[in-house]
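Chemist:
Number of protein chains: 2
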Amino acid sequence: MHTSAITRTEETPNKGFDKVFAFLREQFLAGAIQPGDRLSPERELCLRLGVSRPVLREALRALSMLGVVDILHGVGTVVRRPDTSVLDEFFTFALAQQPDMADDVLEARIAIECQAIRLACSRATLADLERLRAALEDVRRTINDETAGATSDYIFHEALVRAGHAPTLLCLYRAMAPLLHRTHQERRVLVRRYADIKRYVAEDHERIFEAVVARDEARADAILRKHFAIGDEYRHRAATSAVMP
Amino acid sequence: MHTSAITRTEETPNKGFDKVFAFLREQFLAGAIQPGDRLSPERELCLRLGVSRPVLREALRALSMLGVVDILHGVGTVVRRPDTSVLDEFFTFALAQQPDMADDVLEARIAIECQAIRLACSRATLADLERLRAALEDVRRTINDETAGATSDYIFHEALVRAGHAPTLLCLYRAMAPLLHRTHQERRVLVRRYADIKRYVAEDHERIFEAVVARDEARADAILRKHFAIGDEYRHRAATSAVMP
DNA sequence: TTAGACCAGTGGTCATACCATGCACACCAG
DNA sequence: CTGGTGTGCATGGTATGACCACTGGTCTAA
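Chain order of the listed sequences is A and B. Going by this note's numbering, the residue at position 89 of the first sequence is 89; the numbering climbs one at a time, nothing skipped. Going by this note's numbering, the residue at position 88 of the second sequence is 88; the numbering climbs one at a time, nothing skipped.
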């Protein structure tokens with residue numbers, strides 16, 4: 001008990017994995033290593049850090065899980081700009097065991113999108129508007145197809161966020177993409193049950209588009225919020241009453 | 001080139017790490033292992049899966065990175081309900097690599113906070129309001145202290161997001177915390193230059209608090225938005241005109 | 001009864017050897 | 001000169017076996 005205390009009298013903040021991970025983390029956050037750089041070979045790194053190769057590899061694998069590096073067999077470990085693809089894994093696991101998390105993420109989605117649409121009102125380029133218009137037509141065209149409809153819906157909303165020209169918002173939004181897409185598909189199942197939902201989907205998206213074209217921030221925000229609220233209500237109705245004429 | 005194809009004629013979809021990770025992933029998604037369960041010991045698992053222990057550990061570490069399991073020294077590897085805390089690491093890395101991102105992140109911050117304040121209007125508990133009130137007093141008390149003032153400011157806004165009771169929003173907000181705090185401190189430097197900024201800081205936060213107490217979503221959102229806009233303007237003025245009476 | 005020591009189970013680390021892949025360079029044939 | 005080809009090295013990928021360190025329960029002795 002008290003014997004072990006002597007052994008670690010000096011500096012032993014973390015050891016092994018934590019030490020390595022903390023070190024690499026530092027390097028990244030301090031900007032010492034930039035995207036595109038190639039890390040030192042594993043054999044060299046583990047010498048420099050005073051750990052064994054398996055431990056070093058655990059840390060590298062951890063970073064690769066976070067999307068910070070790519071480990072390429074026969075090439076090396078290269079730093080990459082983390083994209084949101086990692087979060088796909090995360091949400092997959094998270095939702096498998098915690099379906100109620102969907103609602104929570106949905107709230108974050110609303111936050112992102114409402115801010116993005118405000119920005120879009122002042123920043124949207126002609127190309128953005130054209131993309132939105134095309135997406136809107138797709139939504140209308142696929143209104144009777146559950147699968148294609150879900151995709152159209154998602155594409156429209158993503159186009160909306162893109163039009164905001166805010167990289168971070170877009171990044172966050174795309175992080176939730178897998179989840180959102182699944183939700184869209186679930187929602188589409190309701191189309192059969194509630195006939196009026198088709199009109200709601202079509203008209204809402206059109207009004208959203210028009211508000212952006214008119215560059216009316218407050219109105220766009222309000223309409224979009226209402227759009228989500230209605231969708232929420234439909235899901236709620238579907239969840240509470242299993243059968244419906 | 002063509003020789004290697006023969007070697008893997010049968011089932012060799014992945015080998016080593018991928019194989020193990022895929023296996024565990026299956027187990028989770030199929031619901032074969034539930035939160036609270038304890039995985040088999042490493043030595044046993046790696047035998048069952050036909051891989052070495054280092055490789056198995058890489059996979060376990062990967063899962064722990066995704067927040068799916070907790071690895072406890074001397075105890076075992078236990079499955080946990082994934083929460084959004086993992087995203088901390090991710091966003092920390094993701095947001096760190098772009099220095100010019102400050103303004104952009106600010107926009108994301110506005111998104112989070114405006115949505116959170118709306119939720120807070122309907123969900124804030126007495127404890128939340130009390131925390132907000134205390135933070136508000138701190139803001140007033142430290143109005144003349146740049147450093148302490150920045151901290152108070154941040155604490156108030158975080159309390160706001162907490163009152164929204166949306167884990168994902170809070171997680172995203174905290175991921176931006178370091179950047180935000182820096183911004184708050186920079187803003188405080190302006191206090192000396194513009195005397196009226198003190199009144200603005202104090203009054204705005206008070207009105208924000210009152211709106212939440214009144215549970216008026218639209219008003220709270222609007223006030224908060226204006227609050228940010230004014231802060232933005234101050235920063236803009238400070239940036240464009242270096243000197244000012 | 002209880003405080004302490006002990007022990008078995010489990011994760012944490014290490015060292016070394018060998019396999020697998022990519023890439024570049026040199027080499028050879030045209 | 002040119003193009004293809006093969007060989008070798010650098011690097012990641014895996015396996016093995018041993019030992020250390022922590023946790024929890026059990027057993028012993030006061």
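Just so you know, even glycine gets a beta-carbon here, dropped at the ideal spot from N, CA and C. These numbers come from a predicted model, not from an experiment.
Tell me which residues share the same chain as Lys226(A) and place their Cβ nearer than 6 Å to its Cβ, disregarding the 5 neighbours each side in the sequence.
Modeler: Mapped onto the first sequence, residue 226(A) falls at position 226. Cβ neighbours of Lys226(A) beyond the five flanking positions: none.
Chemist: Between which two residues does the alpha helix (DSSP H) harbouring Leu29(A) extend?
Modeler: Taking the first residue of the first sequence as position 1, residue 29(A) is located at position 29. First-last of the alpha helix (DSSP H) with Leu29(A): Phe17 to Leu29.
Chemist: Roughly how many whole angstroms lie between the Cα atoms of His236(A) and Ala229(A)?
Modeler: As a first step, residue 236(A) must be located in the first sequence, where it is residue number 236. As a first step, residue 229(A) must be located in the first sequence, where it is residue number 229. Their backbone Cα atoms lie some 10 Å apart in a straight line.
Chemist: Flag Arg81(B) as yes if its beta-carbon sits less than 8 Å from any beta-carbon of chain A, otherwise no.
Modeler: The sequence position of residue 81(B) within the second sequence is 81, counting from 1. It does; some Cβ of chain A falls within 8 Å.
Chemist: Starting from Val246(A) and walking both ways along the beta strand (DSSP E), at which residues does that stretch end?
Modeler: There is simply no residue 246(A) to check, as chain A begins at 1 and stops at 245 in what is shown.
Chemist: Among the candidates Leu49(A), Ile33(A) and Tyr200(A), whose CA atom is the shortest distance from the CA of Asp18(A)?
Modeler: For this step, residue 18(A) is matched to residue 18 along the first sequence. Nearest C-alpha to Asp18(A): Leu49(A).
Chemist: Would the beta-carbon of Ala211(B) be found less than 7 Å away from any heavy atom of the ligand MN?
Modeler: Inclusion of the ligand MN in the displayed structure is not the case, the ligand content being empty and no account of it being possible.
Chemist: Answer with buried or exposed for Glu206(A), where buried requires no fewer than 16 other C-beta atoms within 10 angstroms of its C-beta.
Modeler: Translated into the one-based positions of the first sequence, residue 206(A) becomes position 206. Glu206(A) should be labelled exposed.
Chemist: When the Cα of Glu210(B) is compared with those of Arg43(B), Leu132(B) and Val201(B), which residue comes out closest?
Modeler: Residue 210(B) sits at position 210 when you count from the first residue of the second sequence. For the residues Arg43(B), Leu132(B) and Val201(B), the minimum Cα distance to Glu210(B) belongs to Leu132(B).
Chemist: Should Val86(A) be flagged as near chain B, meaning a C-beta pair shorter than 8 Å?
Modeler: The count along the first sequence starts at 1 and reaches residue 86(A) at position 86. Put simply, the CB of Val86(A) is near chain B, with a gap under 8 Å to one of its CB atoms.
Chemist: Is Asp104(B) close to chain A, meaning its C-beta is less than 8 Å from at least one C-beta of that chain?
Modeler: Stepping through the second sequence from its first residue, residue 104(B) is reached at position 104. Closer than 8 Å: yes.
Chemist: Quick check: the region 104–111 of chain B against the region 162–169 of chain A, are there 3 or more CB pairs under 8 Å?
Modeler: yes
Chemist: Relative to chain B, which residues along the region 135–146 of chain A have a C-beta separation below 7 Å, given in chain order?
Modeler: none
Chemist: Compute the Euclidean distance between the alpha carbons of Ile6(B) and Phe21(B), then round it to the nearest angstrom.
Modeler: In the second sequence, residue 6(B) corresponds to position 6, counting from 1. In the second sequence, residue 21(B) corresponds to position 21, counting from 1. With a pLDDT of only 36 at Ile6(B), under 50, the local geometry of the prediction cannot be trusted, and the value read off the model is given with reservation. For Ile6(B) and Phe21(B), the distance between alpha carbons rounds to 25 Å.
Chemist: Considering only the beta carbon of each residue, do Phe90(B) and Ala96(A) sit closer than 8 Å?
Modeler: Looking up residue 90(B) in the second sequence gives position 90. Looking up residue 96(A) in the first sequence gives position 96. No; because the gap between Cβ atoms is not below 8 Å, this pair is not in contact.
Chemist: Would you mind reading off the limits of the beta strand (DSSP E) that contains Leu129(B)?
Modeler: As a working note, residue 129(B) is residue 129 in the second sequence. Premise fails: Leu129(B) lies in the alpha helix (DSSP H), Leu126 to Arg141, not in any beta strand (DSSP E).
Chemist: Do Leu160(B) and Ala120(B) come within 8 Å of each other at the CB atom, strictly closer than that value?
Modeler: To locate residue 120(B), count along the second sequence from 1; it is residue 120. To locate residue 160(B), count along the second sequence from 1; it is residue 160. Contact flag set, yes.
Chemist: Rounded to the nearest angstrom, what separates Glu11(B) and Gly74(A) at their Cα positions?
Modeler: Against the second sequence, residue 11(B) aligns to sequence position 11. Against the first sequence, residue 74(A) aligns to sequence position 74. Low per-residue confidence applies at Glu11(B): pLDDT is 44, beneath 50, and the placement is therefore not dependable, though the value from the model is reported in the following sentence. Answer to the nearest angstrom: the Cα atoms are 24 Å apart.
Chemist: So which residues of chain A does Cys114(B) contact, with C-beta pairs closer than 8 Å?
Modeler: Here residue 114(B) refers to the residue found at position 114 when the second sequence is read from its first residue. Those within 8 Å of Cys114(B) in chain A are Ala111, Cys114 and Gln115.
Chemist: Drop a sphere of 10 angstroms on the beta-carbon of Thr77(B), count the other beta-carbons inside from all chains shown, and report buried for 16 or more, exposed for fewer.
Modeler: For the purposes of this step, residue 77(B) is identified with residue 77 of the second sequence, where counting begins at 1. Buried.
Chemist: Under the three-state reduction of DSSP, which class applies to Ile71(A): helix, strand or coil?
Modeler: Here the question's residue 71(A) lines up with position 71 in the first sequence. Here Ile71(A) carries a strand assignment [DSSP, helix/strand/coil].
Chemist: Taking just the CA atoms, how far does Arg174(B) sit from Tyr234(B)?
Modeler: In the second sequence, residue 234(B) corresponds to position 234, counting from 1. In the second sequence, residue 174(B) corresponds to position 174, counting from 1. Those two C-alpha atoms are separated by around 24 Å.
Chemist: For Gly231(B) and chain A, any beta-carbon pair shorter than 8 Å?
Modeler: Indexing the second sequence from 1 puts residue 231(B) at position 231. Taking Cβ atoms only, chain A never reaches closer than 8 Å to Gly231(B), which makes this a no.
Chemist: Could you pull the start and end residues of the alpha helix (DSSP H) that Ser85(A) belongs to?
Modeler: Locating residue 85(A) in the first sequence gives position 85, where the first residue counts as 1. That run of the alpha helix (DSSP H) goes Ser85 to Gln97.
Chemist: Beta-carbon separation of Val139(B) and Ala62(B) under 8 Å?
Modeler: The sequence position of residue 139(B) within the second sequence is 139, counting from 1. The sequence position of residue 62(B) within the second sequence is 62, counting from 1. No; because the gap between Cβ atoms is not below 8 Å, this pair is not in contact.
Chemist: What do you get for Leu56(B), buried or exposed, if any count of 16 or more other CB atoms within 10 angstroms of its CB means buried?
Modeler: By 1-based counting over the second sequence, the position of residue 56(B) is 56. Leu56(B) comes out buried.
Chemist: What does the alpha-carbon distance come out to for the pair Phe156(A) and Leu24(A)?
Modeler: Reading the first sequence from its first residue, position 156 is the one you call residue 156(A). Reading the first sequence from its first residue, position 24 is the one you call residue 24(A). The straight-line gap from Cα to Cα measures roughly 39 Å.
Chemist: Check whether the Cβ of Thr168(A) lies closer than 8 Å to any Cβ atom in chain B.
Modeler: Residue numbering aside, residue 168(A) sits at position 168 when the first sequence is read from its first letter. Yes, contact with chain B.
Chemist: Would you say Phe28(B) lies against chain A (beta-carbon separation less than 8 Å)?
Modeler: The count along the second sequence starts at 1 and reaches residue 28(B) at position 28. Yes, contact with chain A.
Chemist: So Asp70(A) packs on Arg80(A), CB below 8 Å; how close in whole Å?
Modeler: Position 70 of the first sequence holds residue 70(A). Position 80 of the first sequence holds residue 80(A). Their Cβ separation, rounded to whole angstroms, is 5 Å, which keeps Asp70(A) and Arg80(A) in contact under 8 Å.
Chemist: Residues of chain A with a CB under 8 Å from the CB of Phe228(B): which are they?
Modeler: Reading the second sequence from its first residue, position 228 is the one you call residue 228(B). Contact of Phe228(B) with chain A by beta-carbon distance below 8 Å is absent, the smallest such distance being about 11 Å.
Chemist: Beta-carbon within less than 8 Å of Arg123(B)'s beta-carbon, same chain only, minus the 5 sequence neighbours each way: which residues are those?
Modeler: For this step, residue 123(B) is matched to residue 123 along the second sequence. The answer, listed in chain order, is Ala163, Gly164 and His165.
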